[in-house]
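Residue numbers (my numbering), protein chains in the order written: chain A, 126 to 771; chain B, 9 to 238; chain C, 5 to 256.
Backbone N, C-alpha and C define an ideal beta-carbon position, used for all residues, glycine too.
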Amino acid sequence: MEVADKKYTFNWDNKIPTGPVEKKWSTHKNNIKLVNPSNKRKYNIIVVGTGLAGASAAASLGELGYNVKAFCIQDSARRAHSIAAQGGINAAKNYQNDGDSIWRLFYDTVKGGDYRSREANVYRLAEVSNSIIDQCVAQGVPFAREYGGTLTNRSFGGAQLSRTFYARGQTGQQLLLGAYSALMKSMKSGKVAVHTREEMLELVTVDGEAKGIISRNLVTGKINRHAADAVLLCTGGYGNVFYLSTNAKNSNVTAAWRCHRKGALFANPSFTQIHPTCIPVSGEYQSKLTLMSESLRNDGRVWVPKKVNDKRHPNEIPEDERDYYLERIYPSFGNLVPRDVASRNAKIVCDEGRGVGETGLAVYLDFRDAIKRDGEDAIRDRYGNLFDMYHKITDDNPYKLPMRIYPAVHYTMGGLWVDYNLMTTVPGLFALGEANFSDHGANRLGASALMQGLADGYFVIPYTIGNYLAETKPGQITTDHAAFDQVEKEITEEISKLLSIKGSKTILDFHRQLGKIMWDKVGMSRDEDGLKQAIAEIQALRKEFWTDVFVPGKAATYNKYLEYALRVADFLELGELMARDALERKESCGGHFRLESQTPEGEAKRDDENYSHVSAWEFKGKDAEPVEHREPLEFENVKLTQRSYK
Amino acid sequence: MSTIANALQSQVGRKILTGLTGIFLTLFLVAHLSGNLSLFIPDGGESFNLYADFLHSLGPLLWIAEIILVILFLTHAYLGVSIYLKKKRARPENYKYYKSQGGPSKQNFASTSMLISGSIILLFVVLHVMHFKYHLFSPETYMVEGTEMVDLARHVSEAFQNPWIVAAYTFVMVLIGVHLKHGVWSAFISLGAKNPKLTPVLYTVGGIVALLLSLGFLAIPLYIFINGGL
Amino acid sequence: MSSTDLIKVHLKVWRQDGPQAKGFFEDYTLDEVNTHMSFLEMLDVLNERLMKDKKEPIEFDHDCREGICGSCNLVINGVPHGPEMLTAACQLHMRHFKDGETITIEPWRATAFPIIKDLVVDRNAFDRIMSAGGYISVSTGNAPDANAIPISKPDSDSAMDYAVCIGCGACVAACPNSSASLFTGAKVSQLSRLPQGAPERKKRVIAMVDQMEKEGFGDCSNFAECEAVCPVGISITAIANMRTEYVKAVLG
Ligand SMILES: Cc1cc2nc3c(=O)[nH]c(=O)nc-3n(C[C@H](O)[C@H](O)[C@H](O)COP(=O)(O)OP(=O)(O)OC[C@H]3O[C@@H](n4cnc5c(N)ncnc54)[C@H](O)[C@@H]3O)c2cc1C
Ligand code: HEM
Ligand code: FES
């Protein structure tokens, strides 16, 4: 391969402690510099985002005595996107006595990530997972329980153990409300000020260090300055670059992207998770996609007609004319193959013209046999609420008709590059939760994002931030510093520019168009030609955006579409970087599938020799090519193997 | 004590007081009705008069009971009015289109007219007391063992042969039923009925209590009117 | 899915430029609304049309569009979240409307929820009620093992029944008195069901009820309209619970 012709340098210290993986975190904690309790109150910390990562971090730092300002886009901290997570949260409690351990959770997560994550980070995640459950229960999170009064678990994809804690189908909601309640408590004590409907638009750096942010009050449109000694980005993932995704409508990349432009490296931007079981698109007007829990694949059988373009009613297609393709191709895992494999195969059969439904972009998930076997009541018991939700959206009755499902963008493993302390390459700027790249490699296992967000916020950052703050004199920069003037001027001009274009296309037109490019060419399968086209098309689209977009209203009022325009503008830059990253990674791994790199049977083929690294991109200017750096990944504890589910 | 005073002024305290006073008033109605039903004992009103005399013979005890009753009425009415005024402040600009969702909602003619039904009841109570207690409208007396006494039974019997009075009573007794259709259920919830599965049952129970009380009170004037006297 | 059905709808939408501005209804007609659209998607389509005509779009709150974040808040045909029970506005689909129907859309109305613009209101009062006591004071790292306190399944299930509140404020919007009792009662009920909540049980209910009053919400008259419009079906018994908790706190 032609990897060797380029020199990929990496000058950043990832701060991973030496020693055996089991000891790294405790050694590190012992060596972290401490901030004197009476000095803590002199430090101002900005936490952007109040999802699981942000709310838990803000509350915990407030408890420690720091002055915290938390920001979110929604009208309440409780509405962050984390609220929508359904399935559950992993922890290595081994309450089921099925032999679970920190080691196994660590191992499964590294393997599930297709060996593209850091061992040390993942081990720490597994290590603190148990404290998360303790903390949440103490806050009053009503996890599901056994009759004996102890906590119960369910199993999730990619693991052979029952280690997932859940609260009905609303685990994310309950965890977030727990963290939110801690935040509300800190708000009462005065240690945390929560600024709702206040969006960070820029990072302010002084001598290369993060010293504050510029935000926009979304109610009045006023541009505000906030100075701080450290800034924590907990702003979630950027799946909405695809326009249609399971992410909430407000999820965006702006904060992370602006920090990237101010010097923070962006790691593995192309690593996207596409979830196989979502309700398919029903028309042009579609605004977002709804996830159906992957637990459905325990009882549902996935199929499409054998014939191309078979328009018959599903119940009229006889058994021998159905292709249960997952069971056929993967006899041992069948319908339970991992997310990336299931998604890719759905795309393949639809591309062959065998997709179902009006758009031909769906496959059946059929419960007929399960209902015959266990009875309708048993199925209702297991999946009743999901069936109801499906019925509400599609008006179809899944007890009588197979569900139609299709893959959808769900999660982004990529994010700002952070070291072991969760600090980005901009000193004083940290990234937590889905906004960083740290723990999931090329594919995230189910129920691990909630775990990571809370691990970062409750149990990592409260320690690791000390290392930076102990060396920083508090309160040196105030909002009258020239750096604030400069950045505020830039952002004000950008807003005026957007409002003044008054072009002929709506913001949504551009977002949809970008989404289509991303989905077709930077989506479930990628190849060199497509990626190159994508880069060119996105560049052209971006140019058009800045000359022909229509942004309504004024700057100094509530103006949702202005917010939206600013976010789409950043997506238009991010999309290109994702395509570049995908282009540079000429292997297939996890959610990243390069058509050029597959086994003879059409499965993903990793290239550990050349691509066992984190790609970390450096911004070089709006119209300049970004530069890729590569942090090598070393595996001392886990043996690298090719995944097989046959 | 001051915490209790504060508590009584809180939203919850006020509501519990409304419920308590409402329930005691309802219990009073039950007692009142049981006494009144003695009119139906076919002895020319003697039992009824005896019952009335018995009450009078309680002397100071009766006063205390009456004072308590007045306090109950006034507190209940005060709370009802204050809840209503607060509601106006809590939504100064009303919906242009507003509809009840139905289902478990208890929003209906009864619940939305509590203040009106209550106020009419209050007005009625004043008139009713003036009428039958102080005999302001028909002060006919007769002599028993040297003292001037009222034949309450006859008084009632005569009053309820007047169609206007019967019509007014019918109206108000129906209103009491309407007030209690929501009132009894509401008091249950105000006083902490906590089982989600029981709430529909409570509503039905409340309705039945309301209906029985209303019918019970109606029976007397209607019987007398139709029968042409006791 | 059946074949695409198109209906025509007339909309009367509340427009209000700002908190102090005078609001009014503006009429719109959409000729071809796909019945498989969600209600919010129908508004998206209308907004696209307005912007193509260089007009100001209608502002409304939304985020998850899955009925869980509690952002969406439209009073549709006089009912918060519209005609379908147990359904947030974002999960309501156009198939529930008739061809040619006139649909009115208004914002939540309550003193405690001032209007920001058009259909968007400020619900920070809810945060302040939570901040008054809707939590268990346990600092990070202070927790015992999760299985150290067993909690019976019925208690835990009942706590969950109240914990599912999405904080949308439909209860307030629907209540003829604009009372926040269901919202507050749900949190009080959840935490009073759990042993972890016991130490602050008394303080919590008093503080939260006081805050509710300060925010200008009305009293509860047990209309149960809140339960009827609650997209997650929280029972009015939450309010009954809150009251008994309150009495115990004051007397005990
Ligand atoms: C439908 C669905 C189901 C899921 N189910 C599961 C599951 O079962 N288990 C699991 O482990 N994971 C699940 N996930 C993934 C998981 O929910 C997310 O990865 C995780 O919640 C992200 O949390 P976060 O705190 O990083 O960010 P978020 O929760 O996305 O929070 C982002 C916050 O940042 C704020 N913000 C963003 N930009 C700005 C800005 N510029 N200025 C100010 N504030 C800003 C937002 O307002 C918000 O408060 C699911 C995801 C989806 C979409
Ligand atoms: C025979 C007399 C009365 C009886 C038996 C009675 C009974 C009740 C009961 C049981 C309730 C329910 C309490 C609760 O919601 O917890 C109630 C509510 C109410 N009553 Fe009465 N009541 C009587 C007289 C009055 C009077 C004189 C008024 C005068 C204004 C009145 C006004 C109200 C109002 C406004 C409510 C509703 C309170 C609310 O909205 O929460 N009632 N009544
Ligand atoms: S938009 Fe989240 S609940 Fe409706």
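Arginine 99(C) belongs to the set of residues whose beta carbon lies under 8 Å from a beta carbon in chain A. With contacts defined by Cβ atoms closer than 8 Å, asparagine 393(A) and serine 376(A) do not form a contacting pair. Only Tyr583, Phe584 and Pro587 from the stretch 555-587 of chain A bring a Cβ to less than 8 Å from some Cβ of chain C. Look at threonine 106(C): its C-beta is not under 8 Å from any C-beta on chain A. Around the beta carbon of alanine 25(C), fewer than 16 other beta carbons sit within 10 angstroms, so the residue counts as exposed. Minimum Cα-Cα distance from arginine 479(A) among the listed residues Gly459(A), Tyr450(A), Ser457(A) and Asp502(A) corresponds to Tyr450(A). Membership of arginine 350(A) in the beta strand (DSSP E) is indicated by the continuous run 348-352.
Assignment of tyrosine 524(A) by DSSP, reduced to helix, strand and coil, places it in the coil class. For the 8 Å CB-CB criterion, glutamate 559(A) and threonine 537(A) form a contact. Taking all protein chains in view, the Cβ of methionine 138(B) is surrounded by fewer than 16 other Cβ atoms within 10 Å, so the residue is classified as exposed.
Its Cα nearest to that of aspartate 748(A), the residue Ala661(A) stands out among Ala661(A), Cys261(A), Lys431(A) and Phe562(A). The alpha-carbon of arginine 162(B) is positioned some 12 Å away from that of glycine 236(B). C-alpha of histidine 143(B) to C-alpha of histidine 136(B): approximately 9 Å in a straight line. Inter-segment contact for the stretch 577-584 of chain A and the stretch 608-615 of chain A is absent: fewer than three beta-carbon pairs are separated by less than 8 Å.
Three or more Cβ pairs closer than 8 Å define a contact, and the stretch 62-70 of chain C meets that threshold against the stretch 118-133 of chain C. Classified as exposed, valine 134(B) has fewer than 16 neighbouring CB atoms from the shown chains inside 10 Å of its CB. Around the Cβ of histidine 438(A), a 10 Å sphere holds fewer than 16 other Cβ atoms; the residue is exposed.
In the three-state reduction of the DSSP assignment, histidine 85(C) falls in the coil class. Placement of the Cβ of serine 42(B) at a distance of 7 Å or more from every heavy atom of ligand 2 is found.
Cα atoms of phenylalanine 132(B) and asparagine 226(C): separation of roughly 26 Å, rounded to the nearest angstrom. Judged by DSSP in its simplified three-state form, leucine 10(C) adopts strand. In this structure, the straight-line span from the alpha carbon of aspartate 239(A) to that of cysteine 714(A) is close to 6 Å. In the three-state reduction of the DSSP assignment, histidine 40(C) falls in the coil class.
For the stretch 62-94 of chain C, residues whose beta-carbon sits nearer than 7 Å to a beta-carbon of chain B comprise Val79, Asn81, Gly82, Val83 and Met89.
Ranked by Cα distance from glutamate 70(C), the options Arg204(A), Gln260(A) and Phe196(A) are led by Arg204(A).
Leucine 130(B) carries a helical assignment under DSSP once its states are collapsed to helix, strand and coil. Contact of proline 100(B) with chain C by beta-carbon distance below 7 Å involves Thr115. A Cβ-Cβ distance of about 11 Å is found for the pair cysteine 234(C) and alanine 177(C), leaving them out of contact under the 8 Å criterion.
At a cut-off of 7 Å, the beta-carbon of phenylalanine 196(A) counts as near ligand 1: some heavy atom of the ligand is closer than that. Inter-residue distance for arginine 453(A) and valine 488(A) is about 15 Å (C-alpha atoms, whole angstroms). Burial is judged here by how many other beta carbons sit within 10 angstroms of a residue's own beta carbon; proline 267(A) has at least 16 and is buried. For a cut-off of 8 Å, the C-beta gap from arginine 53(C) to glycine 137(C) is around 46 Å, too long to register as a contact. Using a Cβ-Cβ cut-off of 8 Å, asparagine 203(B) counts as an interface residue toward chain C, since at least one Cβ of chain C sits closer than that to its own. In this structure, Gln295(A) is the residue among Gln199(A), Thr766(A) and Gln295(A) with its C-alpha nearest to the C-alpha of methionine 417(A). Here lysine 336(A) is buried, its C-beta having at least 16 other C-beta atoms within 10 Å. Judged by their CB atoms, serine 311(A) and glycine 187(A) are nearer to each other than the 8 Å cut-off.
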